[in-house]
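Chemist: Counting from 47, one number per residue, gives the positions in the sequence shown under our numbering.
The beta-carbon is built from N, C-alpha and C at its ideal position, and this holds for glycine as well.
Note that the structure is predicted; figures quoted are calculated from it, not measured.
Got a structure for you, questions after.
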Amino acid sequence: MSSSKKGINTICTHVGELEDKTYKGAVSPLYMSTSYAFEGVDIKRYPRYFNTPNQIALSQKIAALEHAETAMIFGSGMAAVSTAILAFLKAGDHIILQQMLYGGTYNLITEQFDNFGIEYSFVDGSQPQAFEKAIRPTTRVVYIETPSNPLLTITDIKAFADIAKHHGIISMIDNTFASPVNQNPIDFGIDVVIHSATKYMGGHSDILAGAVACSSEHMEQIFKLAKNLGGSLSDYTVWLLERSLKTMGIRVKAQNENAQKMAEFLVKHSDIAQVYYPGLPSHPDHALAKSQMHGFGGMMSFELKKDLDASLFQRSLKLIKSSMSLAGVESTVLSPTQTSHALLSAEERAKQGIKDGLIRFSVGIEETEDLMADIEQALVAVKKLHMAT
47 MSSSKKGINT
57 ICTHVGELED
67 KTYKGAVSPL
77 YMSTSYAFEG
87 VDIKRYPRYF
97 NTPNQIALSQ
107 KIAALEHAET
117 AMIFGSGMAA
127 VSTAILAFLK
137 AGDHIILQQM
147 LYGGTYNLIT
157 EQFDNFGIEY
167 SFVDGSQPQA
177 FEKAIRPTTR
187 VVYIETPSNP
197 LLTITDIKAF
207 ADIAKHHGII
217 SMIDNTFASP
227 VNQNPIDFGI
237 DVVIHSATKY
247 MGGHSDILAG
257 AVACSSEHME
267 QIFKLAKNLG
277 GSLSDYTVWL
287 LERSLKTMGI
297 RVKAQNENAQ
307 KMAEFLVKHS
317 DIAQVYYPGL
327 PSHPDHALAK
337 SQMHGFGGMM
347 SFELKKDLDA
357 SLFQRSLKLI
367 KSSMSLAGVE
377 STVLSPTQTS
387 HALLSAEERA
397 KQGIKDGLIR
407 FSVGIEETED
417 LMADIEQALV
427 AVKKLHMAT
């Protein structure tokens, strides 16, 4: 049976696993060597060439999960983003990007691309036609992120991919928030899929990694740059990531269910001003999300009523953790203005609709009743202080 016909949990568990031929262990053996033979071998293996046994095996699993011909793993999500984008650009070229992006990607473009002589345009991701209007003769890449970080806006993947194909442009997507469990952009015509594997692929807040999945032809172009930039991943972390991927299907599905319950709880709460979650019928992109996602994900954002202190609320939480990252099995919150989007100016954040009081909520696998109780007690604490002052 081909991997494309296997179920998601079967792919997570079995595709790309290495056989322990010596001791018949149940898990993949770990090959820690950084030096391999070069004579009398079919493959000249070297960690920076992304072709050690563990690297290759893990890449096969990620490719199967994303319905791609091939995949490559990197030392971080930004290593994956920067290498994939720059592989198809040179001085004088032009890239079009969705305005609502992860802060690190936005910073890469705005802080470095002028130095490289690469031109760029940011457009409204909710309007596919905006991408087409921004296309120039020198446009080589178009890039989106859906659901977006941190406001969970949804971009029409197929419409975007069709426009790119019509103009002969490489299309890329950051699929981190969805994960391969909830969304497979290659099925809609996307050329290159990128992940911060630190997030749902790792899932336990203990791995830093990135991934790219695409056709063999496009990967050849990416590899040419990747081997020179050196953003490879240590085999021990590769092994840990393969272990984590085995449970990704069941973890993410549990997070989907919990996030839906938490969004429905928050949207009805008298102390919550706004909830951003594509699983809510009130979300402006709900129908679009339903048409291109298998599940709505474990990420959401919300705003408290304007007289309630968002920072104090987060400090008052006892179960839900304040955390810089997301997508672990534990529920976490953060303020995008102080973390993921801190390097953006106040004007840039305002342009993206990111308010100072916005709270990004990564829903874990805890019992939702316990999460609701924690939010309630934190809101009580904030209101008591507000009344006292």
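When the distance is taken between beta carbons, is A130 closer than 8 Å to V284?
Modeler: For V284 and A130, no; Cβs fall outside 8 Å.
Chemist: Is it true that the CB of E178 sits closer than 8 Å to the CB of I209?
Modeler: Their beta carbons are under 8 Å apart, which means I209 touches E178 by this criterion.
Chemist: Determine the burial state of Q173: buried for a count of at least 16 other Cβ atoms within 10 Å of its Cβ, exposed for fewer.
Modeler: Classification of Q173: exposed, given that the 10 Å Cβ count is below 16.
Chemist: Would D317 pass as a contact of K351 if the rule is Cβ separation under 8 Å?
Modeler: Yes, they are a contact pair.
Chemist: Is S381 closer than 8 Å to L404 when the C-beta atoms are compared?
Modeler: The answer is yes: Cβ separation under 8 Å.
Chemist: Starting from K443, follow its DSSP beta bridges and name the residues at the other end.
Modeler: Lying before the first or after the last residue shown, residue 443 is absent from the chain, which here runs from 47 to 435.
Chemist: Residues in its own chain within less than 7 Å of L132 by CB, not counting five upstream and five downstream?
Modeler: If we look at L132 and ignore the five residues flanking it on each side, its Cβ neighbours are L271.
Chemist: Below 8 Å between beta carbons: does that hold for S74 and A117?
Modeler: Cβ atoms of S74 and A117: not closer than 8 Å.
Chemist: Measuring CB to CB, does H264 end up less than 8 Å from V375?
Modeler: Against a cut-off of 8 Å, the Cβ pair of V375 and H264 comes out as no contact.
Chemist: If you compare alpha carbons, which of Y246, A243, K211, T222 is closest to D237?
Modeler: Among Y246, A243, K211, T222, the Cα nearest to that of D237 is on K211.
Chemist: For M47, count neighbouring Cβ atoms within 10 angstroms of its own Cβ and tell me buried if that reaches 16, exposed if not.
Modeler: At M47, the pLDDT of 48 sits below 50, so the modelled position is not reliable and the matter cannot be decided from this model.
Chemist: How about I296 and N55: do their beta carbons lie closer than 8 Å?
Modeler: Yes.
Chemist: Determine the contact status of N228 and I240, defining contact as a CB-CB distance below 8 Å.
Modeler: No, the Cβ-Cβ distance between N228 and I240 is not below 8 Å.
Chemist: So, at 7 Å on beta carbons, what are the nonlocal neighbours of Q301 in its own chain, with the 5 sequence-adjacent residues on each side left out?
Modeler: These residues qualify, in order along the chain: G344, V409, G410, I411.
Chemist: Three-state secondary structure (DSSP) at E112?
Modeler: Here E112 sits in coil by DSSP.
Chemist: Reducing DSSP to helix, strand and coil, say where D88 ends up.
Modeler: Residue state, collapsed to three classes: coil.
Chemist: May I ask you to report which of helix, strand or coil DSSP gives S79?
Modeler: Three-state result, S79: coil.
Chemist: To the nearest angstrom, how far is the alpha carbon of K67 from that of I253?
Modeler: Rounded to whole angstroms, K67 to I253 spans 27 Å at the Cα level.
Chemist: Any idea if F359 is buried or exposed, counting beta-carbon neighbours within 10 angstroms, 16 or more meaning buried?
Modeler: Counting Cβ neighbours within 10 Å, F359 comes out buried, since at least 16 surround it.
Chemist: Between the Cα of M294 and those of K52, I57, K51, spot the shortest distance and give me the residue it belongs to.
Modeler: The shortest Cα separation from M294 among K52, I57, K51 belongs to I57.
Chemist: Is it true that the CB of R186 sits closer than 8 Å to the CB of D139?
Modeler: The answer is yes: Cβ separation under 8 Å.
Chemist: By Cβ distance, which residues of its chain are closer than 7 Å to V321, with the 5 residues on each side in sequence left out?
Modeler: Excluding residues within five positions, the ones whose Cβ falls inside 7 Å are A309, L312, V313, M346, F348.
Chemist: When you compare each of Y95, G235, A207 to S278 by their alpha carbons, which one comes out closest?
Modeler: Closest by alpha carbon: Y95.
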